[in-house]
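Read the sequence shown against the working numbering and you will find it ends at 1364, with the numbers running on by one and no gaps.
Comments concern the structure below.
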Amino acid sequence: MRLILLLLVSLVLSSCIEPPTVLERVKKSGELKVLTRNSPSIFYEGPFGPTGFEYDLLKRFSDSLGVELTIIIEPNAKELLNKLSQSRGHFAAAKLTISPSRENSYLFTEPYHEVTHKLVHRSTTRRPKRISDIENLSIEISDDDNLNSELEALKKDYPKLDWIINREASPEDLMVLVDEKLIDFTIVSSDEIKINRRFYPELRVAFDINQAQKIAWAFAKTDDRSLYNAANKFLKQQQKSGQLQSLIEQHFGHIKSFDYVGTRVYLRHIKTRLPDFQPWFEKAGKDNDLDWILLASMGYQESHWNQQAVSPTGVRGIMMLTLATAKYLGVNNRVEPHQSIFGGAYYFAKLLKKLPENVQQPDRNLFALASYNLGYWHVRDAMNLTKERGKDETKWINLKQTLPLLRKKKWHEKMRFGYARGDEAVKYVENIRSYYDILKWQVSREWREQTPKKPIKALEAIPSAL
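Structure (structure tokens):
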């Protein structure tokens, strides 16, 4: 009887113990599983590890929980949300727009970004100017962007509007089809076209299809909202601290403008000029613990990979070294590519080390680039001025607003090192960021074509240099 009584008591006690929450289980397992899809603006894996806006935000969240991030790739948004409903991942993050139909089935976090959808065509196709111009035309859309319901609403006012949903293709796939003249029009988000237009310079934007739409992470609707609440708290903290805006700036801030001619020339030079110098960029990067793609992007901004380049101020060679800098570095022939590249890489590495420790990556590389162009002490002047203006002087998003002030007498008279063309330094850095993105995309594409697929673990990642 005593044994039976003890068993009954233990059963009652065990029934009173609350099962662990989803958040507790994630922390105990040490793994956060997130469903997403491949896209330059979301997530992709290249020879330098995983990258992308969503990936970087997710990595910050997993780090805040003290767990490893595991990425689960799905071919499109529909399949991704289906897998979420089947509990194949803890939540979904893939630039998912919030819509009434989706909110009926899923729980969305606080929005953290917004996009508009744009009609895209090739330069050789006549540009439509309004919705009525695309009635009776062939438009192909991806199932990823939740556009079908938007277009259905438009069809009430434009009954001849028609489109095809390609359930096998991503938005990037459809932009490639437009670029290759296999389809005439597609509709993609503003982030997608901003990034991909640099890779496919013949693409054009006709007009916006809708107003700005908010995007968020999606969770399955369950009674346990512990992980959902943690995600919301994290996103609010990122917004309040300014870290979210810095991340948006990091991924999209330098691609607001588009140089059609310059991009086409750059893509051609990657094929015709870079191969002669790539081994030296790679070796100089390895010797100085630098990303060779960053060095190559600097070299292109400086000289367009022309070893005989000479500027009006007398700087010369691939990396455009001044006579004084070359002498300081021991470079005796500035137009000899090997010496110029290794000298430029060594000098850039020294600038990186010289910067204050509180300037962290990837901002640190951007500060060093500005120093390479403008001079280290002018950048320090700009940092001091940024701080005086009540902003964080260790963030590029703030420094790029301050640097142009060094041209103005009102400001540069107060600075220790005086006048400087800070606006040119900002343009210099932003150009290199675009060159870097395009070259990295090109290298990643070649790498993906030659490399079999493998499981994706965030701990394998090497962060983007920019």
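Positions of the beta carbon are idealized from the N, C-alpha and C atoms, including for glycine.
Asked                                                                                                                                                                                    : Found
Helix, strand or coil: which one does DSSP assign to T934?                                                                                                                               : strand
Hey, would you say E952 sits closer than 8 Å to A990, going by beta carbons?                                                                                                             : no
Is W1061 helix, strand or coil by DSSP?                                                                                                                                                  : coil
Please list the segments of the beta strand (DSSP E) lying wholly inside the region 1095–1182, counting only runs of 3 or more residues, in order along the chain.                       : 1101–1106 and 1111–1118
Are the CB atoms of L921 and A1118 within a distance shorter than 8 Å?                                                                                                                   : no
Suppose you measure from the CA of L1252 to the CA of G1228; what does that come to, to the nearest Å?                                                                                   : Sequence check: residue 1252 is Lys here, not Leu. Their Cα atoms are separated by approximately 19 Å.
Am I right that E1033 and L1072 are in contact with their C-beta atoms under 8 Å? What's the rounded C-beta distance?                                                                    : 20 Å between Cβ atoms; not a contact.
Could you check the C-alpha separation between R1278 and H1310 for me, to the nearest Å?                                                                                                 : 12 Å
Rounded to the nearest angstrom, what separates Y1010 and L1080 at their Cα positions?                                                                                                   : 35 Å
For A1046, which residues of its own chain have a beta-carbon under 7 Å away from its beta-carbon, when the five flanking residues on both sides are left out?                           : A small correction: the amino acid at residue 1046 is Asn; Ala does not occupy that position in the sequence shown. Within the same chain, N1046 has close Cβ partners I1063.
Just the Cα atoms here: how many angstroms apart are A1116 and I1153?                                                                                                                    : 27 Å
Just to confirm the assignment: which complete beta strand (DSSP E) runs, minimum length 3, are found wholly within the region 1263–1294?                                                : none
Using the Cα positions of F1315 and A1280, report the straight-line distance between them to the nearest angstrom.                                                                       : 10 Å
Kindly indicate which three-state DSSP category F1006 falls into: helix, strand or coil?                                                                                                 : strand
From P1057 to R1028, what distance separates their C-alpha atoms?                                                                                                                        : 14 Å
Taking L978 as the reference, which of F1083, V1324 and R1065 has the closest Cα?                                                                                                        : R1065
Per DSSP, E929 forms a beta bridge with which residues?                                                                                                                                  : E966
Spatial neighbours of Y1317 within its chain, please: C-beta separation below 6 Å, excluding the five flanking residues on both sides.                                                   : H1310
Go ahead and pull the three-state DSSP assignment for H1015.                                                                                                                             : strand
What is the rounded straight-line gap between the Cα of N1108 and the Cα of E1012?                                                                                                       : 12 Å
Is the region 1280–1296 touching the region 1164–1172, taking contact as three or more C-beta pairs under 8 Å?                                                                           : no
What's the gap between the Cα of V1163 and the Cα of N1044?                                                                                                                              : 35 Å
Taking the C-alpha atoms as reference points, what is the distance between L1005 and G987?                                                                                               : 14 Å
Can you find at least 3 beta carbon pairs, one from the region 1013–1024 and one from the region 1127–1147, that sit closer than 8 Å?                                                    : no
For the alpha helix (DSSP H) that contains L982, what are its first and last residues?                                                                                                   : A975 to S983
Inspect the CB distances between the region 1170–1185 and the region 1219–1226 and report whether three or more fall short of 8 Å.                                                       : no
Under 8 Å by Cβ, that's how I've got A1268 and L1250 pegged, so tell me the actual separation to the nearest angstrom.                                                                   : Their Cβ separation, rounded to whole angstroms, is 12 Å, which puts A1268 and L1250 out of contact at 8 Å.
Any idea what DSSP makes of K1312, helix, strand or coil?                                                                                                                                : coil
Can you confirm whether the region 1320–1332 touches the region 1294–1307 when touching is taken to mean that 3 or more C-beta pairs between the two stretches lie within less than 8 Å? : yes
If you measure between the beta carbons of E1090 and S960, is that distance less than 8 Å?                                                                                               : no
Reducing DSSP to helix, strand and coil, say where L1080 ends up.                                                                                                                        : coil
What does the alpha-carbon distance come out to for the pair R1262 and E1147?                                                                                                            : 14 Å
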